[in-house]
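Reading the sequence shown from the start, the letters are residues 1 to 108 in the UniProt record's numbering. Just so you know, even glycine gets a beta-carbon here, dropped at the ideal spot from N, CA and C.
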Amino acid sequence: MNARAVALVFRAVALAEACSWVALLFGMFVKWVLGTSERGVQIFGPVHGGVFVAYVLVALVAARVLRWDARATLLALAASIPPLVTLWFDRWATRTGRLPLPEPAPTS
Numbered sequence: 001m002n003a004r005a006v007a008l009v010f011r012a013v014a015l016a017e018a019c020s021w022v023a024l025l026f027g028m029f030v031k032w033v034l035g036t037s038e039r040g041v042q043i044f045g046p047v048h049g050g051v052f053v054a055y056v057l058v059a060l061v062a063a064r065v066l067r068w069d070a071r072a073t074l075l076a077l078a079a080s081i082p083p084l085v086t087l088w089f090d091r092w093a094t095r096t097g098r099l100p101l102p103e104p105a106p107t108s
């Protein structure tokens with residue numbers, strides 16, 4: 001597996017996980033604070049659950065392919081629990097060299 005491809009997939013799933021968290025939190029706000037509809041939770045609950053599972057699987061693949069140590073792997077997995085922390089992990093892993101940068105687009 002190509003390390004840059006794994007990093008690209010990891011970044012995409014980390015962003016999707018964060019976005020699904022925001023959508024679920026919005027759905028919970030509408031349900032519990034406004035009390036108007038449960039539809040947001042009914043839709044975004046399963047979406048977030050699926051993206052969460054995908055993030056965990058992709059994080060484990062990335063840890064193996066990118067040769068993360070136990071600390072980085074545990075941080076990646078723990079980042080999936082609080083809202084939006086997957087974005088922080090992505091930045092941290094990039095800054096510390098654990099997640100390679102994407103190749104620049106060719107210019108003509």
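Residue of the options minimising C-alpha distance to residue i
| i | options | result |
| --- | --- | --- |
| LEU57 | SER80, TRP32, VAL47 and PRO106 | SER80 |
| residue 161 | PHE26, LEU75, VAL13 and PHE29 | For the chain, the structure presents residues 1 to 108; residue 161 sits outside this window and is missing. |
| ARG64 | PHE29, ARG98 and SER108 | ARG98 |
| ALA5 | VAL61, VAL53, SER37 and ARG95 | VAL61 |
Alpha-carbon spacing of residue i relative to residue j, whole angstroms
| i | j | result |
| --- | --- | --- |
| SER49 | LEU77 | One point to set straight first is that residue 49 is Gly, not Ser, in the sequence displayed. Between GLY49 and LEU77, the C-alpha separation is close to 14 Å. |
| GLY27 | GLU17 | 15 Å |
| LEU75 | VAL33 | 32 Å |
| PHE89 | PRO102 | 16 Å |
*Three CB pairs or more closer than 8 Å across the region 62–75 and the region 36–53*: The answer is no - the region 36–53 does not touch the region 62–75, with fewer than three Cβ pairs under 8 Å.
_At least 3 beta-carbon pairs within less than 8 Å: the region 13–22 vs the region 72–90_ = With the rule of 3 Cβ pairs closer than 8 Å, the region 13–22 counts as touching the region 72–90.
*Any alpha helix (DSSP H) of 4 or more consecutive residues that is wholly inside the region 39–68*: Whole alpha helix (DSSP H) segments, 4+ residues: 39–65.
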